[in-house]
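Student: For the record, in the sequence shown the residue sitting at position 47 is 47 according to full-length UniProt numbering, with numbers rising by one throughout.
Quick one: this structure, given as structure tokens, is what I'll be asking you about.
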Amino acid sequence: RKAVDMFRTLKAPVLGLIENMSTYVCPNCGHEAHLFGHGGARAEAQALGVPFLGEIPLSLDVRVSGDEGTPVVLKGGPVANAYLRLARRMIDGGMG
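Structure representation (structure tokens):
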């Protein structure tokens, strides 16, 4: 909320909110857990009147890919798909 208020004060466009670390998928069994709750960013986006852009899961792959200098989307899998969905939503929404 503070960031959105700041951007509005600066007259910078707010493209929307993303729920970062929305889920954790166990690499051993595939169980998906909402470690930090679920739906908070969607509700906040609605309250602030900005688009909800999507959810990005918590994943070690993001850190490893960043350290390697390789975009995580090139590796495929659930995290890559989440980022690709987010990019597609921004492009389709006229934000790209």
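All C-beta atoms in this analysis are idealised placements derived from N, C-alpha and C, irrespective of residue type, glycine included.
Remember, predicted model here, so these are calculated numbers, not experimental data.
Mapping the DSSP letters down to three states, classify Ser59 as helix, strand or coil.
Tutor: Locating residue 59 in the sequence shown gives position 59, counting from the first residue. Ser59: coil per DSSP, three-state reduction.
Student: Quick check on Leu50: does DSSP put it in helix, strand or coil?
Tutor: Position 50 of the sequence shown, counted from the first residue, corresponds to residue 50. The question names Leu, but residue 50 in the sequence shown is Val. The answer is coil: DSSP assigns Val50 none of H, G, I, E or B.
Student: Given a threshold of 16 other Cβ atoms within 10 Å of its Cβ, counted over all protein chains shown, does Met72 qualify as buried or as exposed?
Tutor: The count along the sequence shown starts at 1 and reaches residue 72 at position 72. Checking the sequence shown, residue 72 turns out to be Val, not Met. The residue in question, Val72, is buried, as its Cβ has 16 or more Cβ neighbours within 10 Å.
Student: Would DSSP call Asn81 helix, strand or coil?
Tutor: On the sequence shown, residue 81 is found 81 positions in, with the first residue counted as 1. Here Asn81 sits in helix by DSSP.
Student: Using CA atoms only, rank isn't needed, just tell me which of Arg1, Ala80, Glu44, Lys2 is closest to Arg63.
Tutor: On the sequence shown, position 63 is the one that residue 63 refers to. For Arg63, the nearest C-alpha among the options comes from Ala80.
Student: Just to check my reading of the structure: Gly16 and Ala43 have Cβ atoms closer than 8 angstroms, yes? What is that Cβ distance to the nearest angstrom?
Tutor: Counting from one through the sequence shown, the residue named residue 16 turns up at place 16. Counting from one through the sequence shown, the residue named residue 43 turns up at place 43. About 13 angstroms separates the two Cβ atoms, so there is no contact after all.
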